[in-house]
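In the working numbering, the protein residues as written are 1080 to 1761.
Where is the CB? At the ideal position from N, CA and C, for every residue including glycine.
Okay, structure first, notes after.
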């Protein structure tokens, strides 16, 4: 994955939750705000402000009432929550439950660091020993979609106890303002007592001055700081950093008129230039690709450049794929390729891991990790690169097999939902609060790898949504023909979107990256012709028609990329192709080249238009993005985007060479029958 952007990922679904034990109250709170004090409200206010839900819809499985009770020998009034778990029936969601929600009227919690409440179980009615509590917040720019943060309250007893929960541990909400509801509920996965009651009181936000660790905590690369200091910092350190690289561009722009006119020669030149850039912008000592380098329109001077000496696990996976692609295109010899890969493997052996997986980001100069997060999708792209290299370079089998085997993808797999978690925060000791819930995303290849390794069941493939339920009204389009399907011993829910004469399964954002990145390695047109393969073609065709005809652009191909005229990295796509859908406004060459996988003639014509109309080509190939209306260019080279270009070119020019290596791996051979029989549209 690229630098982490929340919205880029597939639909979030509730995942494994951290547990908080009932405990003594925190003393010395610096500030507090009462959310619910049941001494001060009436029964009418309770009915007005609280609502009961069953499986996300209005229901009566949780009943709320004001109750007289005692605490510390004194009479008090509290909220009594009586619940009864719904019976599981055909068509039930994969996990069902009951909940009560309190309306919060745009509550701002940014000045607080803990949620606290008093709770006890009703000994006479019985109770489950744990429930969930959390907050809801409208997601900005996505009407009807919420951010949700929930945690589990555990070890509830019959005596009053206070629970104090750090807001930092409640993952899923990015900013703690505009809170719309408080949630208290029980999920089927955690409920052993299906009928019972709780008493709850004094729900408050407090500020302790000790918020604890958070998902946003930065990891300080102390060795890199010392390296910068030893090189006098600033421009001197930047110059020293440049000297660590294999190479550096000699000119900012190349006149498109000097490029070959013959189609194949043009693509070979693009591949050669792109490879030269990928190779150059690699740390010479460690063989790790830098995430990005920013230049200017007129200069390659290091004084004006930004050199991002960090990398991700996805970048490293694509470094292996890039070397394979360059070898297949005869841009480098086999011995030279082996030498490069051995350097990278030596670095990987020295880098810190967790449970056998690599962290999301590392400094390329010192090999220090710079992230607390272990990402599922990034891990799978590294594994994919290692697997492909294993088939292309059997001389490296011992090292590659060891790295492939050391991470067990059960670490990310949530059996309750039969889905993969986004990842794991090592500093928090908990999984991310979201799953990869949609099938048609860049994460689908990782699911196949996990299944092929025997670390996720085959049924996981069919648990991912083709479309989301029609009642999810935030979707860009209403799904059609959503119905239960059954074949080859598997059951799943089908469905698709319709636009004009097209029918397709949506991605999350509607970008070509989500649609076609997995096809760089898995020949979906060959192995899944009536599902993924056809969907890939339709997404590409809609991208072309929508950009040229509806937006009246001169070029097409939208995907997350740099934003011309700013330092921002943005999410771009065709909104109607995504469940949520990204906005338009920027065309990126990597998406244009990805289309070689599905519409080669149209893709080549589009690349010609990019070259002829915009100053978007440099010594190392295409720059990252262009605004098709203003003509402004983002003069950046991003490792992942450039590597996708090279791999797509290698598949097109060298008879699916990279795809063939990937498909030959035993793990992939094992799963190919799984994806071949589905028809998205039947």
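Under the three-state DSSP convention, the category residue i falls into
{"i": "residue 1195", "result": "strand"}
{"i": "residue 1553", "result": "coil"}
{"i": "residue 1510", "result": "strand"}
{"i": "residue 1117", "result": "coil"}
{"i": "residue 1245", "result": "strand"}
{"i": "residue 1723", "result": "helix"}
{"i": "residue 1597", "result": "helix"}
{"i": "residue 1714", "result": "coil"}
{"i": "residue 1653", "result": "coil"}
{"i": "residue 1083", "result": "Residue confidence is low: residue 1083 scores 25 on pLDDT, short of 50, so the model does not pin down where it sits. No coordinate-derived value is stated."}
{"i": "residue 1701", "result": "strand"}
{"i": "residue 1759", "result": "coil"}
{"i": "residue 1215", "result": "strand"}
{"i": "residue 1255", "result": "coil"}
{"i": "residue 1263", "result": "strand"}
{"i": "residue 1733", "result": "coil"}
{"i": "residue 1745", "result": "helix"}
{"i": "residue 1318", "result": "helix"}
{"i": "residue 1683", "result": "helix"}
{"i": "residue 1297", "result": "coil"}
{"i": "residue 1233", "result": "strand"}
{"i": "residue 1525", "result": "helix"}
{"i": "residue 1276", "result": "strand"}
{"i": "residue 1587", "result": "coil"}
{"i": "residue 1559", "result": "strand"}
{"i": "residue 1693", "result": "coil"}
{"i": "residue 1313", "result": "helix"}
Nearest candidate by alpha-carbon position, reference residue i, set the options
{"i": "residue 1362", "options": "1444, 1402, 1344", "result": "1444"}
{"i": "residue 1259", "options": "1348, 1479, 1679, 1218", "result": "1218"}
{"i": "residue 1187", "options": "1594, 1256, 1748, 1707", "result": "1256"}
{"i": "residue 1388", "options": "1738, 1316, 1599, 1434", "result": "1316"}
{"i": "residue 1519", "options": "1541, 1534, 1504, 1530", "result": "1541"}
{"i": "residue 1509", "options": "1143, 1231, 1159, 1472", "result": "1231"}
{"i": "residue 1699", "options": "1115, 1208, 1353, 1647", "result": "1353"}
{"i": "residue 1503", "options": "1488, 1240, 1523, 1495", "result": "1488"}
{"i": "residue 1162", "options": "1130, 1551, 1521", "result": "1130"}
{"i": "residue 1124", "options": "1437, 1183, 1516", "result": "1183"}
{"i": "residue 1194", "options": "1722, 1262, 1663, 1499", "result": "1262"}
{"i": "residue 1459", "options": "1565, 1250, 1410, 1396", "result": "1396"}
{"i": "residue 1682", "options": "1345, 1409, 1302", "result": "1345"}
{"i": "residue 1453", "options": "1500, 1415, 1420, 1278", "result": "1500"}
{"i": "residue 1221", "options": "1552, 1245, 1642", "result": "1552"}
{"i": "residue 1505", "options": "1297, 1279, 1737", "result": "1297"}
{"i": "residue 1274", "options": "1684, 1417, 1202, 1556", "result": "1202"}
{"i": "residue 1234", "options": "1451, 1628, 1198", "result": "1198"}
{"i": "residue 1368", "options": "1374, 1356, 1342", "result": "1356"}
{"i": "residue 1463", "options": "1434, 1431, 1394", "result": "1394"}
{"i": "residue 1185", "options": "1191, 1215, 1516", "result": "1215"}
{"i": "residue 1143", "options": "1136, 1122, 1154, 1155", "result": "1122"}
{"i": "residue 1021", "options": "1703, 1412, 1721, 1659", "result": "The structure shown does not extend to residue 1021, since the chain spans only 1080 to 1761, so no value can be given for it."}
{"i": "residue 1597", "options": "1521, 1616, 1626, 1549", "result": "1521"}
{"i": "residue 1599", "options": "1380, 1722, 1432", "result": "1722"}
{"i": "residue 1663", "options": "1625, 1128, 1609", "result": "1625"}
Cβ separation of residue i and residue j, assumed to be a contact under 8 angstroms, to the nearest whole Å
{"i": "residue 1753", "j": "residue 1537", "result": "6 angstroms"}
{"i": "residue 1377", "j": "residue 1331", "result": "6 angstroms"}
{"i": "residue 1165", "j": "residue 1189", "result": "About 36 angstroms; that fails the 8 angstroms criterion."}
{"i": "residue 1284", "j": "residue 1554", "result": "Contact doesn't hold; Cβ gap of about 33 angstroms is too wide."}
{"i": "residue 1619", "j": "residue 1667", "result": "Their Cβ separation, rounded to whole angstroms, is 14 angstroms, which puts residue 1619 and residue 1667 out of contact at 8 angstroms."}
{"i": "residue 1633", "j": "residue 1707", "result": "6 angstroms"}
{"i": "residue 1561", "j": "residue 1546", "result": "6 angstroms"}
{"i": "residue 1584", "j": "residue 1759", "result": "5 angstroms"}
{"i": "residue 1461", "j": "residue 1469", "result": "The Cβ separation is near 13 angstroms, so there is no contact."}
{"i": "residue 1472", "j": "residue 1601", "result": "In fact, because the Cβ distance is near 20 angstroms, the residues do not count as touching under 8 angstroms."}
is_contact[residue i, chain B] using C-beta, thresh 7 angstroms
{"i": "residue 1211", "result": "Of the protein chains in this structure there is only one, and it is not chain B."}
Any non-hydrogen atom of the ligand PLP within 6 angstroms of residue i CB
{"i": "residue 1251", "result": "Looking at this structure, you won't find the ligand PLP or any other ligand, since it has none at all."}
List, from N- to C-terminal side, the alpha helix (DSSP H) runs of 4 residues or more that fit wholly inside the stretch 1422 to 1506.
The stretch 1422 to 1506 contains these whole alpha helix (DSSP H) runs: 1455 to 1471, 1476 to 1485.
* Just list the alpha helix (DSSP H) runs in the stretch 1324 to 1388, keeping only unbroken ones of 4 residues or longer that don't cross its boundaries, in chain order. => Runs found: 1342 to 1359.
Any contact between the stretch 1379 to 1396 and the stretch 1710 to 1726? By contact I mean 3 or more CB pairs, one from each, below 8 angstroms.
Contact holds: three or more Cβ-Cβ distances are below 8 angstroms.
For this session: Would you be able to state if there are at least three C-beta pairs under 8 angstroms between the stretch 1261 to 1271 and the stretch 1143 to 1152?
Result: The count of Cβ pairs closer than 8 angstroms, one atom from the stretch 1143 to 1152 and one from the stretch 1261 to 1271, stays below three, leaving the stretches out of contact.
With contact counted as at least three CB pairs below 8 angstroms, one residue from each stretch, are the stretch 1199 to 1210 and the stretch 1289 to 1300 in contact?
Too few Cβ pairs lie closer than 8 angstroms, so no.
Answer yes if the stretch 1648 to 1658 comes into contact with the stretch 1585 to 1593, meaning at least three C-beta pairs across the two stretches below 8 angstroms, and no otherwise. Yes, the stretch 1585 to 1593 touches the stretch 1648 to 1658.
Open item on the list: Count Cβ pairs between the stretch 1401 to 1412 and the stretch 1719 to 1736 that sit closer than 8 angstroms; are there 3 or more?
Closed with: Here the stretch 1401 to 1412 lies against the stretch 1719 to 1736, with 3 or more beta-carbon pairs under 8 angstroms apart.
Start-end ranges of the alpha helix (DSSP H) lying completely within the stretch 1117 to 1149, minimum 4 residues: Within the stretch 1117 to 1149, the complete alpha helix (DSSP H) runs of at least 4 residues are 1122 to 1128.
Any alpha helix (DSSP H) of 4 or more consecutive residues that is wholly inside the stretch 1610 to 1649:
Counting whole runs of 4 or more residues, the stretch 1610 to 1649 contains the alpha helix (DSSP H) stretches 1613 to 1624.
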